[in-house]
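Encoded as structure tokens, the structure appears first; notes follow it.
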Amino acid sequence: MELKGQAIIITGGASGIGYQAALQLAAKGADLIIADFNMEGAEKVAKEITAKGVKAFAFKVDVSKAAEVEKLVDFAVEKLGTLNGIFNNAGIGLVKSFLEMDPATYHKVIEVDQHSVYYGMYYAAKKMVALGTKGTFVNTASIYGFQAALGSFNYNAAKAAVVMMSKSGALELAPHGIRVVGVAPGFINTPILGNDSAMKKMLGDQHLHKQLIEPAKVSSVVAFLFTDAASAINGSTIPVDDGFLIHKNS
Ligand SMILES: NC(=O)c1ccc[n+]([C@@H]2O[C@H](COP(=O)([O-])OP(=O)(O)OC[C@H]3O[C@@H](n4cnc5c(N)ncnc54)[C@H](O)[C@@H]3O)[C@@H](O)[C@H]2O)c1
Numbered sequence: 000m001e002l003k004g005q006a007i008i009i010t011g012g013a014s015g016i017g018y019q020a021a022l023q024l025a026a027k028g029a030d031l032i033i034a035d036f037n038m039e040g041a042e043k044v045a046k047e048i049t050a051k052g053v054k055a056f057a058f059k060v061d062v063s064k065a066a067e068v069e070k071l072v073d074f075a076v077e078k079l080g081t082l083n084g085i086f087n088n089a090g091i092g093l094v095k096s097f098l099e100m101d102p103a104t105y106h107k108v109i110e111v112d113q114h115s116v117y118y119g120m121y122y123a124a125k126k127m128v129a130l131g132t133k134g135t136f137v138n139t140a141s142i143y144g145f146q147a148a149l150g151s152f153n154y155n156a157a158k159a160a161v162v163m164m165s166k167s168g169a170l171e172l173a174p175h176g177i178r179v180v181g182v183a184p185g186f187i188n189t190p191i192l193g194n195d196s197a198m199k200k201m202l203g204d205q206h207l208h209k210q211l212i213e214p215a216k217v218s219s220v221v222a223f224l225f226t227d228a229a230s231a232i233n234g235s236t237i238p239v240d241d242g243f244l245i246h247k248n249s
């Protein structure tokens with residue numbers, strides 16, 4: 000129960016990596032806000048977590064809207080009494096070749112995957128400094144924050160920005176006792192990958208174990224990053240990619 004009494008917000012907590020992070024952070028004793036666009040899913044997760052003996056509340060948010068993220072942070076303090084961190088994890092992908100990457104498609108992914116991370120860090124940091132609390136921010140980047148992929152100009156740009164925001168944020172916030180770190184998942188077995196089984200096999204084959212990574216394998220690293228045992232990891236984005244980034248993929 001290393002995180003007992005800690006209040007942490009999870010964005011994208013209704014599904015995939017965020018849902019598994021909710022389970023694992025609750026197992027370490029953290030009180031949670033499950034924030035998601037999908038309120039029905041967030042409420043289901045909050046109910047499941049509450050049954051494990053920690054506090055958990057659902058909140059409907061569009062993380063691409065600054066004012067909504069500010070309200071999310073206020074809601075967390077109202078319900079949990081304090082704030083010790085945020086897992087900026089909600090995200091989407093919109094795959095198109097570069098010549099079809101019209102401004103609307105580009106901006107949508109930048110707003111949901113990149114601006115949201117700034118909003119989460121900014122409003123959580125302002126609140127924590129005002130409260131005088133210390134803690135950790137974890138941001139979900141991607142292997143595609145490091146490596147270019149066809150059809151992913153928008154996603155590449157957003158996730159590379161997230162990698163740098165973890166570094167820059169760590170530098171800015173260290174004097175306030177806030178650590179900022181990231182995870183860079185490989186191909187994770189979540190709904191974001193869609194239902195095309197041939198495509199999923201092709202993605203899984205790019206890992207050293209030749210299979211998709213289960214979301215709990217990312218979330219266990221996320222949960223660790225929130226603990227004191229990880230206090231010397233600061234500003235780095237940790238690949239959780241079963242070797243994807245260490246070799247040339249076809
Ligand atoms: N699955 C992968 O292969 C993979 C790989 C690398 C990075 N990631 C990243 O991991 C993160 C989590 O994705 P996942 O794989 O768990 O996918 P997922 O689709 O299972 O979960 C994403 C969650 O984010 C929520 N969401 C989407 N847009 C939102 C918005 N505007 N406001 C609030 N909530 C919103 C969705 O409702 C959903 O519950 C994303 O940032 C994604 O880019 C995933």
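Counting from 0, one number per residue, gives the positions in the sequence shown under numbering that gives the first Met the number 0.
Built from N, CA and C at the ideal position, the CB exists for glycine as well.
Only a predicted model underlies this, so the values are computations on that prediction, with no experimental measurement involved.
- Message: For G292 and V220, what's the separation of their Cα atoms in angstroms?
- Response: Lying before the first or after the last residue shown, residue 292 is absent from the chain, which here runs from 0 to 249.
- Query: Just to confirm, does Y143 get its C-beta within under 8 Å of one of the non-hydrogen atoms of ligand 1?
  - Reply: yes
- Query: Just to confirm, are L24 and E47 a CB contact at a threshold of 9 Å?
  - Reply: no
- Query: Buried or exposed: where does I7 fall if 16 or more other Cβ atoms within 10 Å of its Cβ makes it buried?
  - Reply: buried
- Item | Among E67, A41 and G52, nearest to K3 - alpha-carbon criterion | G52
- Message: Going by the DSSP bridge assignment, what does D204 pair with across the sheet?
- Response: Note: D204 sits in no beta bridge, so no partner.
- Message: Taking 9 Å as the threshold (C-beta atoms), are N88 and I142 in contact?
- Response: no
- Item | Given I109 as reference, the closest of M120, I232, I91 and E69 once Cα atoms are compared | I91
- Task: Would you tell me roughly how many angstroms separate the C-alpha atoms of A13 and E42, rounded to the nearest one?
- Result: 8 Å
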